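Asker: In order, the protein sequences belong to chains A and B. For the first sequence, the working numbering gives the first residue as 10, with consecutive numbering after it. For the second sequence, the working numbering gives the first residue as 10, with consecutive numbering after it. A virtual CB, placed ideally from N, CA and C, is assigned to each residue, including glycine. Nothing here was measured: the structure is a model prediction, and the numbers come from that model. Questions regarding the structure given below will be posed in turn.
Protein chains: 2
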Amino acid sequence: MANRQKPLIFISNDDGVWAPGIKILVDVAKLYGEVIVVAPDRPQSGQGHAVTIKSPIRMNKVDAFEGVESWECTGTPADSVKLAKDTILKGRKVDLILSGINHGSNASINIIYSGTMSAAMEGALEGINSIGFSLDDFSLKADFSAAAYYADIIIRKMLDNKNGEPVLLNVNIPNLRKEDIKGIKICRQARGKWVEEFSESIDPRGVPYYWLTGKFENLEKDATDTDLWALENGYVSVVPSCFDLTRHNIINKLDFLI
Amino acid sequence: MANRQKPLIFISNDDGVWAPGIKILVDVAKLYGEVIVVAPDRPQSGQGHAVTIKSPIRMNKVDAFEGVESWECTGTPADSVKLAKDTILKGRKVDLILSGINHGSNASINIIYSGTMSAAMEGALEGINSIGFSLDDFSLKADFSAAAYYADIIIRKMLDNKNGEPVLLNVNIPNLRKEDIKGIKICRQARGKWVEEFSESIDPRGVPYYWLTGKFENLEKDATDTDLWALENGYVSVVPSCFDLTRHNIINKLDFLI
């Protein structure tokens, strides 16, 4: 480490700067570099890639993590990364962007609803290696020890791998004890969807209202190369992800529209 | 049309049920089928794929369009489609889902920030042909006549094409007079990004706040097969889009993480 500067690692999340999951990630990242945190000031689950256009955003410096510069932001996860880039990180080279550890899986189609992954994607858009971590347990009392162990491995290997082009990784950790996890699997995003049921209730004025609920369905149960298969079979899933949403293989089949 | 039932066309948007753009789309769609509208009750630009998890959603029947069942919804664009599917449309076969016409382009990376495209994507997740339309003009007084003309062509051709697998289309219309538009181009999503600048101000209590601003940058100016090229050169751009975000071509290059 003599003549080598410490890597700069930026961290955000979507459960808010005070959530247990981000503390785990900060503790791991501190082992490998200088850490700066900008994260929402309150939980932002399901925010997708929302950005705040019509109202101003504020940032407050907070003392959330020992020895780590940290800020809470009134915006979304994507706002937090954009604002950090333009203010606190301005002109500095960031080596790695981390988001999470999310309370709940972001495997399969959940990536499109995920604030955690939107923060990581904002990093990737800047050409920086970016990783979203999620634990397959929604509980605020979730046990993050296995997640911390695997986050450590993946962060270290990503910092050591200096030759590849920048990547965006969607990492999901199964809700198992460390000794019961079989290892890491590189996989693709499974086809899956939410089968929604809205629970209808009637308010005191007699007006109906609806709460989103539902269960998740794996639409390719037999495939063994997907993130859902990996999680269900005791592996940490790693999906290299992108922000090019073009369905390239049907571009030549749409001439009937011209 | 004798023994043939009218197609059922569902419409949403992200500028709200009272925006001029959705009225244009309803007027065109009415020519070809039964139309049902559920759209947000207020503008939701930049909402990305946000869904409402922690509060209830309401729907109110409104008289927004002559002869068309229409509802305003207190949720996001994605909520509007999900809720419609589970309530008003329950058990009915929907032939086509439309979203827009958005006030402002959703070409290139803007698809990930776009409420318009998230509504269309919710339709595609259900295996229904879905199209998001956007006009490259943010003004509320935008001239939608060229957009209406091309929406008509694309809607008609999509309803006639019964054999293909379901597609999700991101359609952007340049801000030109109809007679100056050169036609429709099937293209891919251009690599582009927002170069943000946050405008910092100080509130009356001396506390800083930030407004998101910035300009959009086309990162592949020389490519002629992208949506940005098409728009800049007078074509309506049509990008077949998907919700599989896997970067398939690097799955085999990440073994160093295992």
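Per the contact definition of three or more C-beta pairs closer than 8 Å, is the region 62-81 of chain A in contact with the region 171-186 of chain A?
Answerer: These segments do not touch.
Asker: Tell me the DSSP bridge mates of MET68 (chain B)?
Answerer: Answer is B:CYS82.
Asker: List, in order along the chain, the chain A residues whose C-beta lies closer than 8 Å to that of TYR218 (chain B)?
Answerer: PRO65, ILE66, ARG67, listed in chain order.
Asker: Measuring alpha carbon to alpha carbon, tell me which residue in A:TYR158, A:GLY57, A:MET126 is nearest ASP36 (chain A).
Answerer: Looking at the Cα atoms, A:TYR158 is the closest of the given residues.
Asker: Taking the beta carbon of ASN12 (chain B) as the centre, do at least 16 other beta carbons fall within 10 Å, making it buried, or is it exposed?
Answerer: Confidence at ASN12 (chain B) is low in this model, with a pLDDT of 43, below 50, so the placement of that residue is unreliable and no value is reported for it.
Asker: One question on the structure: do LEU279 (chain B) and PHE142 (chain B) come within less than 9 Å of each other, judged by their Cβ atoms?
Answerer: Absent from the model: residue 279 (chain B). The displayed extent of chain B is 10 to 267, so no value can be given.
Asker: Can you give the Cα-Cα distance for GLY113 (chain A) and CYS251 (chain B), rounded to whole angstroms?
Answerer: Straight-line Cα distance between these residues: approximately 24 Å.
Asker: Please confirm whether ASN179 (chain B) has its beta-carbon closer than 9 Å to some beta-carbon of chain A.
Answerer: Closer than 9 Å to some Cβ of chain A, the Cβ of ASN179 (chain B) qualifies, so yes.
Asker: Within 10 angstroms of its Cβ, does ASN227 (chain A) collect 16 or more other Cβ (buried), or is it exposed?
Answerer: With 16 or more Cβ atoms within 10 Å of its Cβ, ASN227 (chain A) is classed as buried.
Asker: Please state the DSSP three-state secondary structure of LEU34 (chain B).
Answerer: Correct three-state label for LEU34 (chain B): helix.
Asker: Measure the beta-carbon distance from GLY57 (chain B) to GLY124 (chain B) and round it to whole angstroms, keeping in mind my assumption that it falls under 8 Å.
Answerer: Indeed they touch by this definition, with Cβ atoms about 7 Å apart.
Asker: Determine, using beta carbons only, whether LEU254 (chain A) comes closer than 9 Å to chain B.
Answerer: It does: the Cβ of LEU254 (chain A) has a partner Cβ on chain B nearer than 9 Å.
Asker: Please go through the region 78-146 of chain A and give each complete beta strand (DSSP E) segment of 3 or more residues, from N-terminal end onward.
Answerer: Those beta strand (DSSP E) runs which fall completely within the region 78-146 of chain A and span 3+ residues are 78-82, 105-112, 139-144.
Asker: Closest to PHE153 (chain A) by C-alpha separation, out of A:PRO175, A:PRO65, A:LYS230, A:ILE110, would be which residue?
Answerer: Minimum Cα distance to PHE153 (chain A) is reached at A:ILE110.
Asker: Got a sec: which bits of the region 103-135 of chain B sit with their beta carbon under 9 Å from any beta carbon on chain A, in order along the chain?
Answerer: Listed by position along the chain: ILE118, ILE120, ILE121, TYR122, SER123, GLY124, MET126, SER127, MET130, LEU134, GLU135.
Asker: Hey, does PHE152 (chain A) have any beta-carbon neighbour from chain B nearer than 9 Å?
Answerer: The question names Phe, but residue 152 (chain A) is Asp in the sequence shown. Output row for ASP152 (chain A): interface = no.
Asker: Applying the 10 Å Cβ sphere with the 16-neighbour rule, what's the burial state of GLY265 (chain A)?
Answerer: At residue 265 (chain A) the sequence reads Phe, which differs from the Gly that was named. Label assigned to PHE265 (chain A): exposed.
Asker: For MET10 (chain B), is the classification buried or exposed, using 16 other Cβ atoms within 10 angstroms of its Cβ as the cut-off for buried?
Answerer: For MET10 (chain B), the predicted structure reports a pLDDT of 43, less than 50, and the residue's modelled location is therefore unreliable. The matter cannot be settled from this model.
Asker: Could you tell me which residues DSSP pairs with TYR219 (chain B) in its beta bridges?
Answerer: Note: TYR219 (chain B) sits in a beta bridge opposite A:ILE66, B:GLU209.
Asker: Straight-line CA distance for LYS187 (chain B) to LEU178 (chain B)?
Answerer: Approximately 21 Å between the Cα atoms of the pair.
Asker: Using a Cβ cut-off of 9 Å (strictly closer), state whether LEU221 (chain A) contacts chain B.
Answerer: True, the Cβ-Cβ gap to chain B drops below 9 Å.
Asker: Return the Cβ separation of SER117 (chain A) and LEU237 (chain A) in integer angstroms, given the expectation that the two are a contact with Cβ distance under 8 Å.
Answerer: So it is a contact: roughly 5 Å between Cβ atoms.
Asker: I need the DSSP call for ALA11 (chain B), collapsed to helix, strand or coil.
Answerer: Residue placement at ALA11 (chain B) is flagged as unreliable, the pLDDT there being 42, under the threshold of 50; the coordinate-derived value follows with that caveat. Note: ALA11 (chain B) maps to coil in three-state DSSP.
Asker: Who are SER21 (chain A)'s beta bridge partners in DSSP?
Answerer: Beta-bridge pairing links SER21 (chain A) to A:SER108.
Asker: Taking the beta carbon of ARG256 (chain B) as the centre, do at least 16 other beta carbons fall within 10 Å, making it buried, or is it exposed?
Answerer: So ARG256 (chain B) ends up on the buried side.
Asker: How about PHE225 (chain B) and VAL204 (chain B): are their beta carbons less than 9 Å apart?
Answerer: Their beta carbons are under 9 Å apart, which means PHE225 (chain B) touches VAL204 (chain B) by this criterion.
Asker: Mind checking if VAL247 (chain A) is an interface residue toward chain B, Cβ cutoff 9 Å exclusive?
Answerer: So, interface residue.
Asker: Could you name the residues of the same chain whose beta carbon sits closer than 6 Å to that of GLY136 (chain B), not counting the 5 residues immediately before and after it, in chain order?
Answerer: Around GLY136 (chain B): PRO175.
Asker: Determine the burial state of LYS150 (chain B): buried for a count of at least 16 other Cβ atoms within 10 Å of its Cβ, exposed for fewer.
Answerer: Exposed is the call here.
Asker: List the residues of chain A that ARG101 (chain B) touches, going by C-beta distances under 9 Å, in chain order.
Answerer: Within chain A, no residue comes near ARG101 (chain B); the closest Cβ sits about 16 Å away, beyond 9 Å.
Asker: Taking only beta-carbon atoms, is ASP88 (chain A) less than 9 Å away from chain B?
Answerer: Closer than 9 Å: yes.
Asker: Contact defined as beta carbons within less than 8 Å: I believe ALA245 (chain A) pairs with ILE164 (chain A). What is the distance between those atoms, to the nearest angstrom?
Answerer: Strictly speaking, residue 245 (chain A) in this sequence is Val, with Ala absent from that position. The Cβ separation is near 13 Å, so there is no contact.
Asker: Does ILE163 (chain A) have its Cβ less than 9 Å from a Cβ in chain B?
Answerer: It does; some Cβ of chain B falls within 9 Å.
Asker: Quick one, are the C-beta atoms of PRO49 (chain B) and SER79 (chain B) less than 9 Å apart?
Answerer: No, the Cβ-Cβ distance between PRO49 (chain B) and SER79 (chain B) is not below 9 Å.
Asker: Taking a Cβ distance cut-off of 7 Å, strictly less, list which residues of the region 26-60 of chain B are near chain A, in chain order.
Answerer: Within the region 26-60 of chain B, the qualifying residues are SER54, GLY55, GLN56, GLY57, HIS58, ALA59, VAL60.
Asker: Excluding the 5 residues flanking GLU209 (chain A) on each side, which residues of the same chain have their C-beta closer than 7 Å to its C-beta?
Answerer: The residues are PRO217, TYR219.
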